[in-house]
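Undergrad: So that we are looking at the same thing, I have put the structure below in structure tokens.
Shown next as structure tokens:
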């Protein structure tokens, strides 16, 4: 059985900051091979004991928020445990457990909020990066603002529509044709 320490050692030490946001089929496959079973357990409602202490919650958030984005890149399953991750993140943040985790790993308490299609979650994510990671949160803060802008504009992430079998509106289609999230990033960079 996978333990929280196994997840943390792999993600924080083996993969590390250089690999966290890289697109790599090799890494995606490694995550599938090593952590698919623990993700399935979490999806089915297991791993509750992980949510009883800060580092266990961090491991849970990595399993439910980060790993599916790698394991199921481009498919709806990438977002299948988002609600669980958001609920766990909010509970941990309310207890200030995030502050018991060193940077840069602390960001993974806030990433479920950045991935949320709820504007209030987006606003909370930005506040948390500003207040609890002011030195190291620069790039994350910028991307949090970009995610918030997409949610402000559309109420959802249009570039998820195909994966989630949602209809794309004409306005969303035009946005995607302009480059989607990359377009939002370029616009924010131009005004910064």
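Residue numbers (UniProt numbering): 1 to 192.
For glycine and all other residues, C-beta sits at the position ideal for the given N, C-alpha and C.
#1: Do you know offhand how far residue 67's Cα is from residue 37's?
#2: For the alpha helix (DSSP H) containing residue 111, name the first residue and the last one.
#3: Using CA atoms only, rank isn't needed, just tell me which of 69, 59, 30, 51 is closest to residue 9.
#4: Can the beta-carbon of residue 109 be found less than 9 Å from the beta-carbon of residue 141?
#5: State the start and end residues of the unbroken alpha helix (DSSP H) segment that holds residue 93.
#6: Go through its chain and collect everything with a Cβ distance to residue 78's Cβ below 8 Å, but skip five positions before and after it.
#7: How is the alpha helix (DSSP H) around residue 181 delimited, first residue to last?
#8: From the DSSP output, in three-state form, read off residue 70 for me.
#9: For the region 110-117 against the region 82-91, do three or more pairs of beta-carbon atoms, one drawn from each stretch, fall closer than 8 Å, so that the two count as touching?
#10: With residue 57 as the anchor, note down where its alpha helix (DSSP H) starts and where it stops.
TA: Result, derived from the coordinates:
#1: Roughly 12 Å separates the two Cα atoms.
#2: Unbroken alpha helix (DSSP H) run through residue 111: 111-114.
#3: Residue 9 has its Cα closest to that of 59, out of 69, 59, 30, 51.
#4: Taking 9 Å as the Cβ cut-off, residue 109 and residue 141 do not qualify as a contacting pair.
#5: 82-94 is the span of the alpha helix (DSSP H), which, as asked, contains residue 93.
#6: Hits under 8 Å: 68, 69, 71, 72, 163.
#7: Note, residue 181: alpha helix (DSSP H), 181-191.
#8: Correct three-state label for residue 70: helix.
#9: Short answer: they touch.
#10: Run containing residue 57: 54-61, per the alpha helix (DSSP H) assignment.
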